[in-house]
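Reviewing the structure listed below.
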Amino acid sequence: MNPQIAEFKAAAEGHATKINGRFDDIEARLQNAEQLIVSQPSSAPSAGIGGINLFASAATVEIQNHADELDRHGRLRLTVQSAATDLITTETVGVTQNVGTGAPRVPKLGLQYALNNITDTTASTVQYSRFLGTQGDAAVQASEGALKAAVRGEWLLVDQPSITVAGHSRCSKQALRSNTQLQSALQNVMTGSLGRGIDDMLWNGEAGKFAGFAALAYAHTSAFEALPDAIIDAVAVVQSFGSSPTAVVMAPATWVAIVTTKAEGSGEYLSGDYLGSPTMSVHGLPVVLSLSVPAGKAVLIDSASAELIVTAPPTIEVGYVDQQFIKNESSLLVESSVAPVLKNAYACCLVTPTV
57 MNPQIAEFKA AAEGHATKIN GRFDDIEARL QNAEQLIVSQ PSSAPSAGIG GINLFASAAT
117 VEIQNHADEL DRHGRLRLTV QSAATDLITT ETVGVTQNVG TGAPRVPKLG LQYALNNITD
177 TTASTVQYSR FLGTQGDAAV QASEGALKAA VRGEWLLVDQ PSITVAGHSR CSKQALRSNT
237 QLQSALQNVM TGSLGRGIDD MLWNGEAGKF AGFAALAYAH TSAFEALPDA IIDAVAVVQS
297 FGSSPTAVVM APATWVAIVT TKAEGSGEYL SGDYLGSPTM SVHGLPVVLS LSVPAGKAVL
357 IDSASAELIV TAPPTIEVGY VDQQFIKNES SLLVESSVAP VLKNAYACCL VTPTV
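First residue of the sequence shown: 57, per the working numbering; consecutive thereafter.
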């Protein structure tokens, strides 16, 4: 063998022996460090030990990659840095928990809650006679055999067709199947909307089917300025016509105005204990709130002669329309059919105070 080649080979083997020796020493030091860390009590989570192992493996790889620098200089400096992608955020470790779906309560809001509700699913049209008043009145007979006073009642025959109030909503089938609370919430929303629709129909009527209580009500303009005084005044008037009110209906803002009315001078609330629970009644008549009755006025209802015949109770159905089946959509339909009945013209009285 050429002497120069033999000399170069011997020098290379010497360098390799030195490098391997350094590797053995570094690996031994890393193992000792790991054993010390594991044996030391620590409050750090167990994942930290795994991090030390990863660091040791990475350090060994880096030393091997820079073996030439280590051999030339006898030392090697490694810098530990944290990569930006290694940052742990709440997005990667957070857990999403479904805590429910909000839903409105179905309020007892509307004229229908002051009427006598009767369910009759056998008829599409109801017929009744509305009492309009009395002509003449009984009187003392002038003498034996004299003509007695004539008294005659007056009625109007009414054929009232059933009126359907309905609404619909669209929703995906997956949402209805996977979220029962969403289905319940939709039912509350649609049932509340149905109630408001019936309330509007009862007051404003439906062309060709029902005139509406606004047009049929006996109008009483009281000499009193305060609405509670005007209400009791109207009660006395309609009682003289043969009606006895069982409830008073008004707008929410009107009820608030009554409850917050103060006495002049003392400033005390006329409704009673200001911070107590207000009694929903005026002069012993239960108060029913309606979004249809004009503000500042009230409606007296005699449920013995003012009825709501429910020919189709409220129902909610789920079905498909057009191409909804292949689109994984559903339609929710809510509807009810009712027939308003006013058997006495004075069973509904619109009360207006003097302004």
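By construction, the Cβ of each residue, glycine as well, lies at the ideal position given by its N, Cα and C atoms.
Excluding the 5 residues flanking residue 243 on each side, which residues of the same chain have their C-beta closer than 7 Å to its C-beta?
Contacts found: 372.
Along the chain, which unbroken stretches of the beta strand (DSSP E) at least 3 residues long are found entirely within the stretch 309 to 348?
Every unbroken stretch of the beta strand (DSSP E) spanning 3 or more residues and falling wholly within the stretch 309 to 348 is given here in chain order: 341 to 345.
Return the CA-CA distance between residue 402 and residue 194, expressed in angstroms with no decimal places.
Using only the alpha carbons, I get a separation of about 21 Å.
Hey, residue 400 and residue 268: beta-carbon distance below 8 Å or not?
No, Cβ-Cβ distance for residue 400 and residue 268 is not below 8 Å.
Taking the alpha-carbon positions, what's the residue 324 to residue 196 distance?
So the two alpha carbons sit approximately 52 Å from each other.
Is the distance from the Cβ of residue 391 to the Cβ of residue 221 below 8 Å?
The Cβ-Cβ distance between residue 391 and residue 221 falls below 8 Å.
Just reading off the alpha helix (DSSP H) that residue 378 is part of, what are its end residues?
That residue, residue 378, is in no alpha helix (DSSP H); it is neither H nor E in DSSP.
Considering only the alpha carbon of each residue, which of 219, 271 and 384 lies closest to residue 177?
That would be 219, whose Cα lies nearest to the Cα of residue 177.
From residue 201 to residue 189, what distance separates their C-alpha atoms?
CA-CA distance, residue 201 to residue 189, rounds to 28 Å.
With three or more C-beta pairs closer than 8 Å as the rule, is the stretch 297 to 317 touching the stretch 352 to 364?
A contact is defined here as three or more CB-CB pairs under 8 Å, and the stretch 352 to 364 meets this definition with respect to the stretch 297 to 317.
Let me check one thing: in DSSP terms, what residues is residue 212 bridge-paired to?
According to DSSP, which records beta bridges pairwise, residue 212 is partnered with 186.
Residue 73 burial status per 10 Å Cβ neighbour count (16 or more: buried):
Looking at its Cβ environment, which holds fewer than 16 other Cβ atoms inside 10 Å, residue 73 is exposed.
Near residue 337, what residues of its chain come up, given a Cβ to Cβ distance below 7 Å and the 5 sequence neighbours on each side ignored?
These residues qualify, in order along the chain: 343.
Starting from residue 283, trace the alpha helix (DSSP H) in both directions and tell me its first and last residue.
It spans 283 to 295 - the alpha helix (DSSP H) in which residue 283 sits, taken as one unbroken run.
Residue 387 versus residue 374: straight-line alpha-carbon distance, rounded:
Residue 387 and residue 374: Cα-Cα distance of roughly 6 Å.
Grouping DSSP H, G and I as helix and E and B as strand, with all else coil, what is residue 270?
Helix.
Continuous beta strand (DSSP E) stretch holding residue 385: start and end
It spans 385 to 398 - the beta strand (DSSP E) in which residue 385 sits, taken as one unbroken run.
Where residue 15 and residue 174 are concerned, what is the direct C-alpha to C-alpha distance, given to the nearest angstrom?
Because the chain in this structure spans residues 57 to 411, residue 15 falls outside the shown range and cannot be described.
Would residue 171 pass as a contact of residue 275 if the rule is Cβ separation under 8 Å?
Contact: no.
Whole-angstrom distance between residue 180 and residue 313, CA atom to CA atom
Across the structure, residue 313 and residue 180 are spaced so that their CA atoms are roughly 41 Å apart.
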